[in-house]
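**Q** Residue numbers (the numbering used here): -1 to 101. To start, I am sharing the structure in question, which I have written as structure tokens.
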Amino acid sequence: MEHIAALLLIVGCSQDMKQCEELPSPVTVYETSVECDTELPAILGRLDHLRPRVMGTCVFVDPALEEQDAELVWDVTPDGALRASIEAVSMNVASVKGKTLHE
């Protein structure tokens, strides 16, 4: 199994930074953070025409999350910085009349 050390997140925003969305990246996973960081500037350069503002970051993937459900969570702060992390997804489990329900 291939170990993933970093995910590449590319986000495109409107000029006023009020509307942002994830953009497709030619490569999304990297075995090392160094590989991701090295390729980030060139990828941003190739995608900067897609939106008025394009930004990206390499998000560290904690190996402890490898066996858990996780999601990529990101936000663009009021000062225009892209913040992102991989967070474990907690599942709520309830039992109804002997059946287990997953939410």
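We put the CB at the ideal spot given by N, CA and C, even for glycine.
Specify the secondary structure class of Ser93 as computed by DSSP and reduced to three states.
**A** Counting from 1 along the sequence shown, the entry for residue 93 is found at position 95. Because the pLDDT of Ser93 is 49, which lies under 50, any placement of that residue in the model is unreliable, and the number read from its coordinates should be weighed accordingly. Of the three classes helix, strand and coil, the one that applies to Ser93 here is strand, per DSSP.
**Q** Around the C-beta of Val71, are 16 or more other C-beta atoms found within 10 angstroms, so that it is buried, or is it exposed?
**A** Counted from its first residue, the sequence shown places residue 71 at position 73. The residue is exposed, with fewer than 16 neighbouring Cβ atoms inside 10 Å.
**Q** Do Val59 and Ile84 have their CB atoms nearer than 8 Å?
**A** In the sequence shown, residue 59 corresponds to position 61, counting from 1. In the sequence shown, residue 84 corresponds to position 86, counting from 1. It is a contact, given that the beta carbons lie within the stated cut-off.
**Q** Run the CB neighbour count on Ala4, radius 10 Å, all protein chains shown included, and call it buried at 16 or more, exposed below.
**A** Taking the sequence shown and counting its residues from 1, one reaches residue 4 at position 6. By the 10 Å Cβ count, Ala4 comes out buried.
**Q** Among Ala86, Ser31, Leu42, which residue has its Cα nearest to the Cα of Ala62?
**A** To locate residue 62, count along the sequence shown from 1; it is residue 64. Ranking the options by Cα distance to Ala62, first place goes to Ala86.
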